[in-house]
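J.: Protein sequence lines, in the order shown, are assigned to chains A and B.
Under our numbering, the letters of the first sequence match residues 338 to 650, in that order.
Under our numbering, the letters of the second sequence match residues 197 to 373, in that order.
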Amino acid sequence: MKEELFASGRNIPNIDPYLNVWHWQIPLYLFLGGLAAGILFFAAIFTIMGKDKEMPTVVKKAPIIAPFALILGLIALFLDLKHKLFFWQLYTTFRITSPMSWGAWVLMAITPLSMIWVASYMKELVPGWRWKMNLLENFESFVIKNRIWLAWIIVVLSVILGIYTGILLSAFNARPLWNTSILGPLFLVSGLSTGAATVLLLSKSATERRTMSRIDLLLIVIELFFITHMIMGFQAASQVQIDAAQLFLGGQFTVSFWVFVIFLGLVIPAAMEVLELLDFHIPVAIPVILVLLGGLMFRFIMVEAGQITRYLY
Amino acid sequence: MRYAMAIDTLKCVGCSDCVVACQLENDVPIGYCRDWITETVDGSYPNVEIELRSERCNHCDNSPCVRCCPTGASHFEEGGIVVVTKNECIGCAACIESCPYDARYSHPDGYVDKCTFCIHRVREGLNPACVSVCPTKCMYFGDLDDSNSEITNVLKNRKFKTLAPEAGTKPQIYYLI
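#1: If we ignore side chains and look at the alpha-carbon of each, how far apart do residue 531 of chain A and residue 509 of chain A end up?
#2: What do you reckon, are the CB atoms on residue 588 of chain A and residue 631 of chain A nearer than 8 Å?
#3: What residue range is occupied by the uninterrupted alpha helix (DSSP H) comprising residue 371 of chain B?
#4: What residue from A:559, A:527, A:486, A:564 has the CA that sits closest to residue 499 of chain A's CA?
#5: Expressed to the nearest angstrom, what Euclidean distance is found between the alpha-carbon atoms of residue 258 of chain B and residue 294 of chain B?
#6: In chain B, what lies closer than 8 Å to residue 359 of chain A by C-beta?
#7: For the region 340-365 of chain B, list every residue whose C-beta sits within 7 Å of some C-beta in chain A, in sequence order.
#8: Strictly under 8 Å for the Cβ-Cβ distance: is residue 444 of chain A near chain B by that measure?
#9: Let's see if you can read the secondary structure: which residues bound the alpha helix (DSSP H) around residue 499 of chain A?
#10: Under 8 Å: do the region 394-409 of chain A and the region 365-378 of chain A share three or more Cβ pairs, one atom per stretch?
#11: Compare the C-beta of residue 235 of chain B with all C-beta atoms of chain A and state if any pair is closer than 8 Å.
#12: In chain B, which residues lie with their C-beta within 7 Å of the C-beta of residue 437 of chain A?
#13: Give the interface partners of residue 344 of chain A over in chain B, defined as CB-CB distance under 9 Å, in chain order.
#14: Hey, would you say residue 396 of chain B sits closer than 8 Å to residue 208 of chain B, going by beta carbons?
#15: Sort out for me which residues DSSP pairs residue 199 of chain B with in a bridge.
#16: Count the other CB atoms within 10 Å of the CB of residue 451 of chain A; is the residue buried (16 or more) or exposed (fewer)?
#17: At a cut-off of 7 Å, is residue 590 of chain A close to the ligand HEM when judged by its beta-carbon and the heavy atoms of the ligand?
#18: Whole-angstrom Cβ separation of residue 579 of chain A and residue 523 of chain A, contact assumed at under 8 Å?
#19: Kindly give me the distance between the Cβ atoms of residue 334 of chain B and residue 203 of chain B, rounded to whole angstroms, as I take these residues to be in contact under 8 Å.
#20: Considering Cα atoms alone, identify which of A:616, A:401, A:362 is closest to residue 539 of chain A.
#21: Less than 8 Å between CB atoms is the rule here; does residue 276 of chain B satisfy it with respect to chain A?
#22: At the level of alpha carbons, what is the spacing between residue 370 of chain B and residue 299 of chain B?
#23: Taking only beta-carbon atoms, is residue 283 of chain B less than 8 Å away from chain A?
#24: Just tell me which of A:546, A:492, A:647 has its CA closest to the CA of residue 454 of chain A.
#25: Counting only C-beta atoms, is residue 424 of chain A closer than 8 Å to chain B at any point?
#26: For residue 296 of chain B, go through chain A and note every residue whose CB falls closer than 8 Å to its CB, in chain order.
#27: If you reduce the DSSP assignment to three classes, tell me which class residue 270 of chain B lands in.
#28: Which residue wins for smallest C-alpha separation from residue 488 of chain A, given the options A:386, A:605, A:351, A:636?
#29: Would you mind stating whether residue 609 of chain A and residue 623 of chain A have Cβ atoms separated by less than 8 Å?
#30: For the putative contact between residue 350 of chain B and residue 322 of chain B, defined by C-beta atoms under 8 Å, what is the C-beta separation to the nearest angstrom?
#31: Can residue 650 of chain A and residue 356 of chain A be called in contact, C-beta distance under 8 Å?
#32: Give the range of the beta strand (DSSP E) segment to which residue 442 of chain A is assigned.
#33: Check whether the Cβ of residue 349 of chain A lies closer than 8 Å to any Cβ atom in chain B.
#34: For residue 432 of chain A, which of B:280, B:263, B:301 has the nearest alpha-carbon?
#35: Give the list of continuous alpha helix (DSSP H) stretches no shorter than 4 residues that lie fully inside the region 509-545 of chain A.
#36: Label residue 186 of chain B either buried or exposed according to how many other C-beta atoms from any shown protein chain fall within 10 Å of its C-beta, with 16 as the threshold for buried.
Structure, rendered in structure tokens:
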């Protein structure tokens, strides 16, 4: 049994006594990236299904949020870098084994594509909108003609974006709490759920709300299943992962995780959405805001707690 | 070629000479270090055992830091030495998160820094600074692929362990026990 440990000659801020090199920027970005991925995924998938008439908010209005979320997320990522002036080195190479490299390139592709998506609906959203240059008008008609292909590309990219935010963390075997392959799908589902909730808030059509509410409910149930699955996996794994799960099962993150993520972020909004489907009237903003705050809290807690977990000492 | 280090925990007295030698040799900023001493006390009185270890980057064979680096700044040099190229490093800290040994830190200038096995000395045929100053001569540095090297012989004849082998990184600092 280890009684005492003493390390000398080592006193590095943000590493000792426990690692804390990733602060608010990373979880904020993971949230915004997941949100943008969710919004774009639904916009593109309903376009492919030919439902852009029935689902105007999903396809046309909500995507306006995506480029803003992505740009804010990129600013957060940039603020996190400590050797800022060398950020362009990300784009001189592609490292297939590095999730962060995948993320950098996907962001590089999906951010302009999301702007193009929004621009192609400007005339429908803003009456009397004109692109002042011929070139832009021609480009717009080209995009509108090929929108289905753009939608296919965005579906693929948004899934990669959503899932990579989880894989980014799960690829670190040094941090037992993150080192679970369920984290990729879990972050993807959580991102899709926050995206669906945002659409729900913006939509004014009853049928659209009903569809998105059902989708969001399904996603919340899947998310709860994945979280259960993740904790079960930790409990059945090696000692370091059993210790990692203890952070949520009696350790220092127990209250914040169960109260803000599970209860307020998932169970309560799910219950409200069920009540809404049973024709009880609940202001839509309440479950939506709870889902968004829950998603944000989940990422903050995962990033913060994961950095405490380790192999040595 | 496979450079590695063997450190005799039975001879180490924890004097921190290796730490200071490294800081001087590599101009490590004050308050930071590339190597450090840990002292673990196992058991409870009267059955106590103390182990002293000089720790540093393990120059792993399966390096998570090289794998997760988005720009290729973290890379392998000859003999498996893991080195960071300053001007390719963006300071994203993914490698710091990926290291089970917490051997890396953000240099005040922004890039990520760590032990290089004193590659500039090794290339000239010298030992790393920490090895060459050790007053108890408890550290061995050399090439594991050379069957005549001192380190190969030491590891052949002594019991040894590595730190957190279960992390799957194939660490290359061997602690003689």
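Every residue gets a Cβ at the ideal spot worked out from N, C-alpha and C, and that includes glycine.
Quantities reported herein were computed from a predicted structural model and do not represent experimental measurements.
T.: According to the structure shown:
#1: Taking the first residue of the first sequence as position 1, residue 531 of chain A is located at position 194. Taking the first residue of the first sequence as position 1, residue 509 of chain A is located at position 172. Rounded to the nearest angstrom, the two C-alpha atoms are 25 Å apart.
#2: Working through the first sequence from its first residue, we reach residue 588 of chain A at position 251. Working through the first sequence from its first residue, we reach residue 631 of chain A at position 294. Taking 8 Å as the Cβ cut-off, residue 588 of chain A and residue 631 of chain A do not qualify as a contacting pair.
#3: Taking the first residue of the second sequence as position 1, residue 371 of chain B is located at position 175. For residue 371 of chain B, no alpha helix (DSSP H) segment is defined; the enclosing uninterrupted segment is the beta strand (DSSP E) at 369-372.
#4: Residue numbering aside, residue 499 of chain A sits at position 162 when the first sequence is read from its first letter. Among A:559, A:527, A:486, A:564, the Cα nearest to that of residue 499 of chain A is on A:527.
#5: Translated into the one-based positions of the second sequence, residue 258 of chain B becomes position 62. Translated into the one-based positions of the second sequence, residue 294 of chain B becomes position 98. Cα to Cα, the separation comes out at about 12 Å.
#6: Position 22 of the first sequence, counted from the first residue, corresponds to residue 359 of chain A. Going along chain B in sequence order, the residues near residue 359 of chain A (Cβ under 8 Å) are 289, 293.
#7: 359, 360, 362, 363, 364
#8: Indexing the first sequence from 1 puts residue 444 of chain A at position 107. Cβ-Cβ to chain B under 8 Å: no for residue 444 of chain A.
#9: Taking the first residue of the first sequence as position 1, residue 499 of chain A is located at position 162. 484-507 is the span of the alpha helix (DSSP H), which, as asked, contains residue 499 of chain A.
#10: yes
#11: Reading the second sequence from its first residue, position 39 is the one you call residue 235 of chain B. By this cut-off, residue 235 of chain B is an interface position.
#12: Start at 1 with the first residue of the first sequence, and residue 437 of chain A comes out as number 100. At a beta-carbon threshold of 7 Å, the residues of chain B lying near residue 437 of chain A are 264, 266, 288, 290, ordered along the chain.
#13: Taking the first residue of the first sequence as position 1, residue 344 of chain A is located at position 7. Those are 232, 233, 234, 235, 251, listed as they occur along chain B.
#14: This structure leaves residue 396 of chain B out entirely; chain B is present only between 197 and 373.
#15: Against the second sequence, residue 199 of chain B aligns to sequence position 3. B:339.
#16: For the purposes of this step, residue 451 of chain A is taken as the residue at position 114 of the first sequence. Its Cβ being crowded by 16 or more others within 10 Å, residue 451 of chain A is buried.
#17: This structure simply doesn't include the ligand HEM, nor any ligand for that matter.
#18: Residue numbering aside, residue 579 of chain A sits at position 242 when the first sequence is read from its first letter. Residue numbering aside, residue 523 of chain A sits at position 186 when the first sequence is read from its first letter. No, residue 579 of chain A and residue 523 of chain A are not in contact; Cβ-Cβ is about 19 Å, not under 8 Å.
#19: Stepping through the second sequence from its first residue, residue 334 of chain B is reached at position 138. Stepping through the second sequence from its first residue, residue 203 of chain B is reached at position 7. Rounded, the Cβ-Cβ distance is 6 Å, consistent with contact.
#20: Residue numbering aside, residue 539 of chain A sits at position 202 when the first sequence is read from its first letter. Checked all of A:616, A:401, A:362; the closest Cα to residue 539 of chain A is A:401.
#21: Along the second sequence, one-based indexing puts residue 276 of chain B at 80. In terms of beta-carbon proximity, residue 276 of chain B stays away from the interface with chain A, with every pair separated by 8 Å or more.
#22: Within the second sequence, numbered from 1, the residue matching residue 370 of chain B stands at position 174. Within the second sequence, numbered from 1, the residue matching residue 299 of chain B stands at position 103. Taking the straight line from one Cα to the other gives about 16 Å.
#23: Locating residue 283 of chain B in the second sequence gives position 87, where the first residue counts as 1. Chain A, which has a Cβ nearer than 8 Å to the Cβ of residue 283 of chain B, makes this yes.
#24: Against the first sequence, residue 454 of chain A aligns to sequence position 117. Of the listed residues, the one whose Cα sits closest to residue 454 of chain A is A:492.
#25: For this step, residue 424 of chain A is matched to residue 87 along the first sequence. For residue 424 of chain A, the answer is yes, since a Cβ of chain B falls inside 8 Å of its Cβ.
#26: Here residue 296 of chain B refers to the residue found at position 100 of the second sequence. Neighbours of residue 296 of chain B on chain A, chain order: 510, 511, 647, 648, 649.
#27: The count along the second sequence starts at 1 and reaches residue 270 of chain B at position 74. Residue state, collapsed to three classes: strand.
#28: Translated into the one-based positions of the first sequence, residue 488 of chain A becomes position 151. Nearest of A:386, A:605, A:351, A:636 to residue 488 of chain A, Cα basis: A:386.
#29: Along the first sequence, one-based indexing puts residue 609 of chain A at 272. Along the first sequence, one-based indexing puts residue 623 of chain A at 286. Yes, the pair counts as a contact, with Cβ atoms nearer than the cut-off.
#30: As a position in the second sequence, residue 350 of chain B is number 154, starting the count at 1. As a position in the second sequence, residue 322 of chain B is number 126, starting the count at 1. About 19 Å separates the two Cβ atoms, so there is no contact after all.
#31: For the purposes of this step, residue 650 of chain A is taken as the residue at position 313 of the first sequence. For the purposes of this step, residue 356 of chain A is taken as the residue at position 19 of the first sequence. No, the Cβ-Cβ distance between residue 650 of chain A and residue 356 of chain A is not below 8 Å.
#32: As a working mapping, residue 442 of chain A is identified with position 105 in the first sequence. Per DSSP, residue 442 of chain A belongs to no beta strand (DSSP E); it is in the alpha helix (DSSP H), 436-457.
#33: Taking the first residue of the first sequence as 1, we reach residue 349 of chain A at position 12. Yes, residue 349 of chain A counts as interfacial toward chain B.
#34: One-based indexing of the first sequence puts residue 432 of chain A at position 95. Ranking B:280, B:263, B:301 by Cα distance to residue 432 of chain A puts B:263 first.
#35: 520-539
#36: This structure does not reach residue 186 of chain B, given that chain B is present from 197 up to 373, and the question cannot be answered.
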